[in-house]
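What follows is a set of notes on a single structure, which appears directly below.
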Amino acid sequence: MPELLTIQNLRVGHGDAVVIPNLSLRLDQGEALAVLGRNGVGKTTLLDSIIGVTRRFGGNLSLAGRDITRLTPEARAHAGIGWVPQERNIFPSLTVEENLTATARPGKWDLPRIYAMFPRLQERRANMGNQLSGGEQQMLAVGRALMLNPRLLLLDEPTEGLAPIIVEQLLASIRQIIRDEGLATIIVEQHARKILKVTDRAVILDRGEIVHQARSDALLADPSPLEQHLGVIAKGAAA
Ligand SMILES: Nc1ncnc2c1ncn2[C@@H]1O[C@H](COP(=O)(O)OP(=O)(O)OP(=O)(O)O)[C@@H](O)[C@H]1O
Numbered sequence: 001m002p003e004l005l006t007i008q009n010l011r012v013g014h015g016d017a018v019v020i021p022n023l024s025l026r027l028d029q030g031e032a033l034a035v036l037g038r039n040g041v042g043k044t045t046l047l048d049s050i051i052g053v054t055r056r057f058g059g060n061l062s063l064a065g066r067d068i069t070r071l072t073p074e075a076r077a078h079a080g081i082g083w084v085p086q087e088r089n090i091f092p093s094l095t096v097e098e099n100l101t102a103t104a105r106p107g108k109w110d111l112p113r114i115y116a117m118f119p120r121l122q123e124r125r126a127n128m129g130n131q132l133s134g135g136e137q138q139m140l141a142v143g144r145a146l147m148l149n150p151r152l153l154l155l156d157e158p159t160e161g162l163a164p165i166i167v168e169q170l171l172a173s174i175r176q177i178i179r180d181e182g183l184a185t186i187i188v189e190q191h192a193r194k195i196l197k198v199t200d201r202a203v204i205l206d207r208g209e210i211v212h213q214a215r216s217d218a219l220l221a222d223p224s225p226l227e228q229h230l231g232v233i234a235k236g237a238a239a
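According to full-length UniProt numbering, the sequence shown is numbered sequentially starting from 1.
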């Protein structure tokens, strides 16, 4: 598969603090990557650096062969990076449908497809953003990112704070986006074992560095690196 995202010797952080000292990573077209690690190791900072909202001290990024290192977040979105932030950032005073269409761009992901994937959003299409449950907000955040018709989708802890049945529904939708639609995706997730069933490959971060990388099926077959690097988190997520 041709290369989609290439990160070379990236050094980023916030203010004067370097969170990721020197990270290189490659994602192929259509590939799904899980980013795992304990709290505070820099997973969100990695996603933030791909959308361009961190302070960069060095290194570069390219998307489908185009250098995006110096592009603004808006220009990166235009270049094809869709982002679902941890906070979801739903527009509270817009309806579900307005949230979906406000930033949409033409392509195969349109309202009928989003509603087919998330029938609940169609039922709630006239409700305001601030009238939604956590699960509905997360579906809306994913739907809105897809409506940008991105070539790369970034998901930051999509299942955080959701009830177990909603987590399963959302993971099924994410699996469909990855497996059936072939959309290249990077997912930060605390439910390590659940997300490994959806992704092709995983990296484990510790203090801003990749300390382990493997195919997801290999990590599921031998989860000892999860236990070594994630400790109680991996065990807690085993169910
Ligand atoms: N906007 C910010 N300003 C200053 N420091 C920040 C900011 N965002 C994150 N940090 C710091 O950067 C480090 C990495 O945080 P980050 O959120 O990337 O980790 P994480 O692995 O995503 O953790 P979590 O699972 O808790 O979200 C932490 O020490 C955090 O306090």
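Yeah, the Cβ is synthetic: ideal placement off N, Cα and C, and Gly gets one too.
Unbroken alpha helix (DSSP H) run spanning residue i, endpoints
i	result
residue 75	73-79
residue 120	119-123
residue 191	Where residue 191 is concerned, there is no enclosing alpha helix (DSSP H), given that its DSSP letter is neither H nor E.
residue 216	216-221
residue 64	Per DSSP, residue 64 belongs to no alpha helix (DSSP H) and is neither H nor E.
residue 142	134-146
Classification of residue i by the beta-carbon crowding that lies within 10 angstroms, buried from 16 upward
i	result
residue 158	buried
residue 1	exposed
residue 24	exposed
residue 99	buried
residue 133	exposed
residue 144	buried
residue 49	buried
residue 68	buried
residue 103	exposed
Per DSSP, the bridge partner or partners of residue i
i	result
residue 128	95
residue 100	Answer is none; residue 100 lacks a bridge partner.
residue 83	154
residue 213	203
residue 185	32 and 153
Alpha-carbon spacing of residue i relative to residue j, whole angstroms
i	j	result
residue 105	residue 115	16 Å
residue 71	residue 52	7 Å
residue 130	residue 124	12 Å
residue 9	residue 15	19 Å
residue 27	residue 5	5 Å
residue 43	residue 127	33 Å
residue 176	residue 198	9 Å
residue 88	residue 81	16 Å
residue 118	residue 174	11 Å
residue 110	residue 101	9 Å
Start and end residues, beta strand (DSSP E) containing residue i
i	result
residue 53	Taken as a continuous stretch (DSSP letters only), residue 53 belongs to no beta strand (DSSP E), as it is neither H nor E.
residue 173	Premise fails: residue 173 lies in the alpha helix (DSSP H), 164-175, not in any beta strand (DSSP E).
residue 21	17-28
residue 10	3-14
Closer than 8 Å to chain C by CB, residue i
i	result
residue 74	In summary, chain C is missing from the structure at hand, where a single protein chain is found.
Residues surrounding ligand 1 [beta-carbon distance to nearest heavy atom under 5 Å]: 14, 19, 39, 40, 41, 42, 43, 44 and 45
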